Each structure stands twice: as C-alpha cells, then as structure tokens.
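First to last, the protein sequences are chains A, B and C. If you count the first sequence from 1, position 123 lands on 123 in the working numbering, and the numbers rise without skipping. If you count the second sequence from 1, position 105 lands on 1105 in the working numbering, and the numbers rise without skipping. If you count the third sequence from 1, position 142 lands on 2142 in the working numbering, and the numbers rise without skipping. Encoded as structure tokens, the structure appears first; notes follow it.
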Amino acid sequence: MTTNWEVWVSALLTLGAYSILFSENKFFQLVEHIFVGVGAGFAVVVNYYSIVNKGIKPMTGKGEWWLIIPLLIGVMLFGRFVKGMAWITRIPISLLVGIGVALALRGAVQAELVQQISANFINVVGKTPGATINNLVMVVGTIGTIMYFFFTYKQTPIVMAGSAVGKWIMMVAFGAAFGNAVQGRISLLISRLQYLFGTWIHLIPTK
Amino acid sequence: MKRELPLGITAVVGFLFLVQYFFKIAILKSMTDELTDWGTIVSAFAALLAAAGLYKIHLEKIARRKGPWEMSIVLVLVMTAFIIFGVFLGQKSAPYLFLSNQVLVPLSAAIFSLLIFYIGSAAFRAFRLRNLEAGLLLGSGFLVMLGRAPIGEVVWKKFPVIADWLMKWPNLAGNRGVLIGASIGSIAIGLRILVGIDRGHLGQD
Amino acid sequence: MTAGRIFTFWFLIFTFAAVYYFMERAKKGNLPGVRPIAGLAALDEAVGRATELGRPVFFVPGRAEINSADAAQTLAALEILSHVAEKTAAYDTGLITAVAAPNTYPVAQEVVRESYLKVGKPDAYDPDMVQFYSSEQFAFGSACLGVMMREKVAAAVMVGFFQAESLLLAEGANQAGAISISGCTRLYQIPFFVVACDYTLIGEELFAGGAYLTKNPIKLGSMQGQDLAKLVSVLFVALGAILETFGNHSLTQLFKK
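Okay, here's the thing in structure tokens:
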C-alpha cells in the first residue's frame, strides 16, 4: 500500500464518489461538497484571470482603453443589488445572447442543415444489391426522421408512414449509439480500478 | 429605453456576427473578434456573480443549521482556499496544483466512471418495456455492444460486422434527420430572439 | 460573399422568410394544429405529481453558456423553465433550478422571477430557487445527484445542452424516485436520455416547447414556418438523391456554392 498521502486523498475521494451507488450518504455528501467547492473555486480563479488578462492588463498596459466598455458591462451584472437599477443587468445579458444566438445560427445553418441535406445526394443504385439497400436506408431513413418532426401538418397516411419510419430509424440509431458507448465507459472504470488496486493498495502491478 | 436598448444590442450584435459569416468584410471580422473577447470578459463577471450566489446559499445554510450544514462549511472552506491559492499564490503554486490534480481531476474521473453502472441500470429498466420502439432500441443496442466487445467476435464473427453496419447506416440516417430538424428549430428561435419576439430572458420591466 | 456559403445564405434567408410569413399569418388568427408531444404534455403531470407529494421539482436548463454556439438549446430550455416555474408558482410547489453555466445563472433567475410575478405570487419567489453549482461538468453532475436524492425531488426536468453527465442526472432522478423528463439535440446524449428517462424531447421537440406550452399564436406560426423549411429539406434530400442516381450533379454543385 502506498505511503503517498496525495494518492490516499485521491483514492478515498474516489471511494466516496462510488458510495452513491448504494445510497445518498455522509461520505458522498462530503465528497460532493468538496468537489463543488473546488469546481466553483476553479471557475472563480479562471474567470478572475480572464478579467485580468483579457481586460485589465491590455487596457492599462497596452493602451487598449476601449476594454473599459466590456469591464463596465460586466459590472452591470451586479446592478440587481442596487435598488432601481436591476434593469441594467439586461445589457450584459443582451450582449451575450446576441453573440450566442448568432453563433448558434451560423453553426445550425451550415454544418447541421445544408451539409446534412447534401450528404444524402448519393447514387442510390450501388454496385451490389446490399449497397443499394444501404443507400436506401440512408435516404429513406433521413427523410422519415425529418418527417417525424412535422408538428403542424395534418397526420395524413403519408406523413404518418414517414414519421413511423423515422421513429423506428431513430430508435435503432439511439440503441446503436448506446451500445457503442458501453466499451468506452468500461475502460473508464478499469482505469479507476487500476488506480485503486494498483497505485493505491499495490494489489496489482502498475505500469 | 429599459427594454429597447437591450433588444437593440442583441439585434445589432447578432446580425453583425451573421453578416460577417457570409460576407468577407475585414472590419467586420475584427469587430466580431473584439466582441467575442468582450463576451468572455462579461461572462467572467457572471462567474463571479454565480459564485457569490453559491456562497450566499451555503453561508445561510450554516447560519440556519439547515440541511447538511456541516458539509456547507467544508464547501465554503475548500472554495475559499482554492480561490486564495489561485489568485494570491498563482495557478502554478503547490497547494493550487494539489487541489487541481489530486482532487478535481480524480473526482472527475471517478464520477465519469460511475456511468458504466448507470448504463447497466438504465438498460435493465428499459428491458421491461414491451413495444416495438423499445425492442428496436434494445435490439440494436445489444448487437452493437456485442460487436464492440471482444467476446462478441468470439461468439460469432459477424457481430462486429453487424455493429459497424448499424453505426454506419441507420445510426447516421437517424442522426442526420435529427440534426436537420434541430437546426431549423435553432434558426427559428434565433430569428425570434434577434427580432425581439422572444424576450423572456430579459425579464419584466 | 464568402465562397462555399452562398447557398447556405439563401437557405437561411428562406427559412427566416418562412418563419416570418407564418408568424404574421398567425397574428391574423390563422393558427395551425399541433400534434401531441408527449414529453411536453407530461410537464404539467410532473408538476402535479410533485404538488401532490409535497416535494420539489428539479430543473436543469443544460450546461451551455448563453454566448456559446449551443446557446439556442439553453434559450429553448429557459422557455420551458418559464412554464414550469409558472406552474410551481401557481400550485405553491418547490422549485430547484440547477445551473452549471455561470452566465445562464442571472438569466434563469430572471425567468423564474418573471413567472412568479406573472401568476401573481411575487412574494413566493426566492432567488435561491436558482442555484449555481459548478461549471465543472462532473462537479455539477455530482451536486445534482446529491441534491435530487437529499431533497427527494418528485420531478426532474433536464432539458438543453448536455454531455456525458446526462446519464448521471437521469439515473439520479430515477434513484430519487422522480418522474424524469429530458430533452436534448446532442446526438451523443439523446440515447442515454431515451433509455433512462420517462419522457424525452428528441431534437427539435425541445425547440417546440415555447409554442406548445404557451399556445402563443406567434410561436405557433413560427412552428408552421419551421415545418415548411423541413418539408423543403425533405424535397431536397429526395431530389438530390434522384438526380445523383441519374448522374446529374447540378443540385450537389448548387449546395457547394
């Protein structure tokens, strides 16, 4: 068993995290609160340096005076604590939402819409009957799945049939993705067990 | 003013980013780069605000002896220590690195590795469902799981082939359809926010 | 115009126009019917159950920042939060909103506050109904697990952008004995939600929340415009595949412009 106290800390925290599998208990609560404390502290530190390195230092050191604007906008988030000034919080929020919405739109229309549609522009008749079936699964499956998301069209037999195909394809797709993740998750557990049984209690050889 | 100004900011900033994406205009590129940095700075203040909220909740719990308040003491102490180490001693100081490397990293790995147990319990519950959709979901999940596991190939060498087929064709088709639908949803909500129809995020006057 | 984005630009304009046209039409009273969406219909049932049991509702609006490329999911989740908070306000049911993205925190507080004002219960609003745990993925996940179990939440609504913590939250809700409703557009996470939750909003169903729950005519009109864009997408997929099969690459080239 190791005498390195840092490894002991990590190992005991790991055991505490695993204890949630049995029930919510004091050991897990302790680990959870330490984890949240460190996690939130980490966020504060990282963001403190963002303010300093991206705002204050270039403003004072490089003469980028205009950075006073985002710094002031950031401070406006605290306007809610000043009576009658709560509305001013909306300014930073509106700036952030403007950026976020535009980034979302750019990503959605190019990579998720146009490119996903054109990825189906394929010669359906393949070199073998099997290839043709695969291509049909792709094109019909995509069309059916899109039709599943028709919310306002009358549920005519065509819409219903397309939507049903879409639902089946999605279920097969989700099942496959779920099964595909299992192996990776097992590897994660093995890596942690190696740490506990190898690095910590030396029951198995470590690399 | 209290409402129009924020709506105007969202619209101007949003359309600026959109125009920059489609048109090659050098000045717009530098403007959007600058605004992206502004976003990072403003978000950093939001992190301070959120952390203050976390402090408030736990200090109140301690003061009122509410819930597992002893744990709140631990949280406040650990958080404060981490902030002091990071801000005053620096991100390369030994205590800061200890909390990062021996607490944050292993705990993240431990919680992440819990997922395999939850995959098992979730799949077990899903097995009890008896309809076509659940059958398709579990059937394809089981086949891909077998195909990806070393034992699958030992049992029947076609399992990996079936797993590859399921991932390459139905999985991709389903994913494409979902993406296309979701992207149109994103575009619509984006438009409604940019033109000021959806404004719930700004609150009331 | 930037090469490779010309067609994309016009498709975006078309989608904008379709949504805008149907919103204007809806303002004049031409409202579409909407097919049932089980996950959204179950929200009221979930709040009702929490009220009966005298236990809180747990809400997570995903982990995406509002200035990120995944902001649309967070904003859609906040629309759903608005509805859930109105219900919890009306029935005097507890609400815990867990936030991971710091800049979503003030927005979520504003949304919940507004909902309590809207149903005439401003005094029942408590800013601590919205709590920031951590932006660290698994610190947030473990906090959600702990809170769901300690508070014995009766309903867990997890909608928005999620990564690997999705299953952690879904199983935490199950361990707490809560009815679980999830929603996500992220392909890697939808399968976990579908398997583990009682109801799942798949992909665009998440974005339908605002219209479906509020029955707001403009948003219903928007839904109709979205459907037209999807119909056009279906036609493009079919036409593109047919043309390619017959050796015609014109549509493929148009999409690349």
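The beta carbon of each residue, even a glycine, is placed where N, CA and C say it ideally should be. All values derive from a computational prediction rather than experimental measurement.
Notebook entry, point to check: What residues from the stretch 127–158 of chain A come within 7 Å of chain C, judged by C-beta to C-beta, listed N to C?
Noted result: Cβ contacts with chain C come from 139, 142, 143, 146, 147, 149, 150, 151, 152, 153 and 155.
Note to self: Within 10 Å of its beta-carbon, does residue 135 of chain A have 16 or more other beta-carbons around it, so buried, or fewer, so exposed?
What the structure shows: Position 135 of the first sequence, counted from the start, is the residue given in the question as residue 135 of chain A. When all chains shown are included, residue 135 of chain A counts as buried.
Next item on the list: For the alpha helix (DSSP H) containing residue 1127 of chain B, list its first residue and its last residue.
Entry: For this step, residue 1127 of chain B is matched to residue 127 along the second sequence. In this chain, the alpha helix (DSSP H) harbouring residue 1127 of chain B covers 1115–1127.
Margin query: Is there a Cβ of chain B sitting closer than 7 Å to that of residue 2158 of chain C, yes or no?
Written below: Position 158 of the third sequence, counting from 1, holds the residue named residue 2158 of chain C. Using a Cβ-Cβ cut-off of 7 Å, residue 2158 of chain C does not count as an interface residue toward chain B, since no Cβ of chain B sits closer than that to its own.
Next item on the list: Run the CB neighbour count on residue 1094 of chain B, radius 10 Å, all protein chains shown included, and call it buried at 16 or more, exposed below.
Entry: Along the second sequence, read from residue 1 onward, the residue named residue 1094 of chain B stands at position 94. The residue is exposed, with fewer than 16 neighbouring Cβ atoms inside 10 Å.
Next item on the list: Just the chain B side, please: which residues come within less than 8 Å of residue 293 of chain A by C-beta, in chain order?
Entry: Only positions 1 to 207 of chain A appear in this structure, which leaves residue 293 of chain A out of reach.
Notebook entry, point to check: How would you write the range of the beta strand (DSSP E) that residue 95 of chain A sits in, first residue to last?
Noted result: The residue you call residue 95 of chain A lines up with position 95 of the first sequence. Here residue 95 of chain A belongs to no beta strand (DSSP E); instead the alpha helix (DSSP H) covers 90–107.
Checklist line | Residue range of the unbroken alpha helix (DSSP H) whose run includes residue 18 of chain A | finding: Start at 1 with the first residue of the first sequence, and residue 18 of chain A comes out as number 18. Segment 5–18, the alpha helix (DSSP H) holding residue 18 of chain A.
Notebook entry, point to check: chain C partners of residue 97 of chain A, CB-CB under 9 Å?
Noted result: Here residue 97 of chain A refers to the residue found at position 97 when the first sequence is read from its first residue. The answer, in chain order, is 2066, 2067, 2071, 2075 and 2107.
Next item on the list: Run down chain A in chain order and give the residues with a C-beta less than 9 Å from the C-beta of residue 2194 of chain C.
Entry: As a working mapping, residue 2194 of chain C is identified with position 194 in the third sequence. Counting only Cβ-Cβ distances below 9 Å, residue 2194 of chain C has contacts in chain A at 170, 171, 174, 175 and 178, in chain order.
Item checked: Under 7 Å by beta carbon: chain A residues contacting residue 2223 of chain C -> Numbered from its first residue, the third sequence carries residue 2223 of chain C at position 223. Those within 7 Å of residue 2223 of chain C in chain A are 151 and 152.
Item checked: Residues bridged to residue 2199 of chain C [DSSP beta-bridge criterion] -> On the third sequence, residue 2199 of chain C is found 199 positions in, with the first residue counted as 1. Listed as beta-bridge partners of residue 2199 of chain C by DSSP are C:2181.
Item checked: Nearest-angstrom Cα separation, counted from residue 147 of chain A out to residue 2231 of chain C -> Taking the first residue of the third sequence as 1, we reach residue 2231 of chain C at position 231. Taking the first residue of the first sequence as 1, we reach residue 147 of chain A at position 147. When only Cα atoms are considered, residue 2231 of chain C and residue 147 of chain A end up about 8 Å apart.
Notebook entry, point to check: What's the gap between the Cα of residue 2069 of chain C and the Cα of residue 2094 of chain C?
Noted result: If you number the third sequence from 1, residue 2069 of chain C lands on position 69. If you number the third sequence from 1, residue 2094 of chain C lands on position 94. Cα-Cα distance, rounded: 32 Å.
Item checked: Assigned secondary structure, residue 1248 of chain B (DSSP; H/G/I helix, E/B strand, else coil) -> Since the first and last residues shown for chain B are 1001 and 1205, residue 1248 of chain B lies out of range.
Checklist line | Separation of residue 2131 of chain C from residue 1119 of chain B, as counted between CA atoms | finding: In the second sequence, residue 1119 of chain B corresponds to position 119, counting from 1. In the third sequence, residue 2131 of chain C corresponds to position 131, counting from 1. Cα atoms of residue 1119 of chain B and residue 2131 of chain C: separation of roughly 28 Å, rounded to the nearest angstrom.
Check: Could you give the residue range of the alpha helix (DSSP H) that holds residue 36 of chain A?
Finding: To locate residue 36 of chain A, count along the first sequence from 1; it is residue 36. Here the alpha helix (DSSP H) through residue 36 of chain A covers 26–50.
Next item on the list: Return the CA-CA distance between residue 2122 of chain C and residue 1203 of chain B, expressed in angstroms with no decimal places.
Entry: As a first step, residue 2122 of chain C must be located in the third sequence, where it is residue number 122. As a first step, residue 1203 of chain B must be located in the second sequence, where it is residue number 203. Roughly 13 Å between the two C-alpha positions.
Notebook entry, point to check: Given residue 47 of chain A, which residues of its chain have a CB within under 8 Å of its CB, disregarding the five upstream and five downstream residues?
Noted result: Numbered from 1 along the first sequence, position 47 holds the residue referred to as residue 47 of chain A. If we look at residue 47 of chain A and ignore the five residues flanking it on each side, it has no Cβ neighbours.
Item checked: Cβ contact (3+ pairs, closer than 8 Å) linking the stretch 1173–1186 of chain B and the stretch 2229–2249 of chain C -> Contact holds: three or more Cβ-Cβ distances are below 8 Å.
Notebook entry, point to check: Would you call residue 2145 of chain C buried or exposed, if buried means 16 or more other Cβ atoms sit within 10 Å of its Cβ?
Noted result: The residue labelled residue 2145 of chain C in the question sits at position 145 within the third sequence. Label assigned to residue 2145 of chain C: buried.
Notebook entry, point to check: Is the CB-CB distance between residue 145 of chain A and residue 170 of chain A below 7 Å?
Noted result: The residue you call residue 145 of chain A lines up with position 145 of the first sequence. The residue you call residue 170 of chain A lines up with position 170 of the first sequence. Yes, the pair counts as a contact, with Cβ atoms nearer than the cut-off.
Note to self: So residue 24 of chain A contacts chain C; which residues on that side make the cut at Cβ distance below 7 Å?
What the structure shows: On the first sequence, position 24 is the one that residue 24 of chain A refers to. Within 7 Å Cβ-Cβ: 2146, 2149 and 2150.
Next item on the list: With a floor of 4 residues, list each alpha helix (DSSP H) that falls wholly inside the stretch 2107–2155 of chain C, ordered by position along the chain.
Entry: If we require 4 residues or more, the alpha helix (DSSP H) runs fully inside the stretch 2107–2155 of chain C come out as 2137–2150.
Next item on the list: Would you give the residue range spanned by the alpha helix (DSSP H) that residue 2080 of chain C belongs to?
Entry: Position 80 of the third sequence, counting from 1, holds the residue named residue 2080 of chain C. Per DSSP, residue 2080 of chain C belongs to the alpha helix (DSSP H) from 2071–2091.
Note to self: Considering only the alpha carbon of each residue, which of C:2112, C:2118, C:2061 and C:2060 lies closest to residue 2126 of chain C?
What the structure shows: Locating residue 2126 of chain C in the third sequence gives position 126, counting from the first residue. It is C:2112 whose Cα lies nearest to the Cα of residue 2126 of chain C.
Notebook entry, point to check: Under 8 Å Cβ-Cβ, which residues of chain A neighbour residue 1110 of chain B?
Noted result: Within the second sequence, the letter at position 110 stands for residue 1110 of chain B. Listed along chain A, the residues sitting closer than 8 Å to residue 1110 of chain B by beta-carbon distance are 13, 14, 17, 18 and 192.
Check: So, helix, strand or coil for residue 121 of chain A, using DSSP?
Finding: What you label residue 121 of chain A is simply residue 121 of the first sequence in a count that begins at 1. Judged by DSSP in its simplified three-state form, residue 121 of chain A adopts coil rather than helix or strand.
Note to self: Suppose you measure from the CA of residue 2252 of chain C to the CA of residue 2237 of chain C; what does that come to, to the nearest Å?
What the structure shows: In the third sequence, counting from the first residue as 1, residue 2252 of chain C sits at position 252. In the third sequence, counting from the first residue as 1, residue 2237 of chain C sits at position 237. When rounded, the separation of the alpha-carbon atoms in residue 2252 of chain C and residue 2237 of chain C is 10 Å.
Check: What do you reckon, are the CB atoms on residue 1009 of chain B and residue 95 of chain A nearer than 7 Å?
Finding: Here residue 1009 of chain B is taken as the residue at index 9 of the second sequence, counted from 1. Here residue 95 of chain A is taken as the residue at index 95 of the first sequence, counted from 1. Going by C-beta atoms, residue 1009 of chain B is nearer than 7 Å to residue 95 of chain A.
Item checked: Local conformation of residue 1001 of chain B per DSSP, three classes -> The count along the second sequence starts at 1 and reaches residue 1001 of chain B at position 1. Three-state result, residue 1001 of chain B: coil.
Next item on the list: Please list the partners that residue 1161 of chain B has in chain A, where partner means a Cβ-to-Cβ separation under 9 Å.
Entry: Counted from its first residue, the second sequence places residue 1161 of chain B at position 161. Per Cβ cutoff of 9 Å: no residues; residue 1161 of chain B is ~11 Å from chain A at best.
Next item on the list: Could you tell me if residue 2052 of chain C is buried or exposed, where buried requires 16 or more neighbouring beta carbons within 10 angstroms of its beta carbon?
Entry: By 1-based counting over the third sequence, the position of residue 2052 of chain C is 52. With a 10 Å radius around the Cβ and a threshold of 16 neighbouring Cβ atoms, residue 2052 of chain C comes out exposed.
Check: Counting contacts by CB-CB distance shorter than 7 Å, is residue 47 of chain A in contact with chain B?
Finding: On the first sequence, position 47 is the one that residue 47 of chain A refers to. Yes, residue 47 of chain A counts as interfacial toward chain B.
Next item on the list: Tell whether a beta-carbon distance below 7 Å holds between residue 21 of chain A and residue 1082 of chain B.
Entry: To locate residue 21 of chain A, count along the first sequence from 1; it is residue 21. To locate residue 1082 of chain B, count along the second sequence from 1; it is residue 82. Cβ distance not < 7 Å, so residue 21 of chain A and residue 1082 of chain B don't count as in contact.
Notebook entry, point to check: Since residue 203 of chain A is in the beta strand (DSSP E), which residue starts that stretch and which ends it?
Noted result: Mapped onto the first sequence, residue 203 of chain A falls at position 203. No beta strand (DSSP E) contains residue 203 of chain A, which DSSP labels as neither H nor E.
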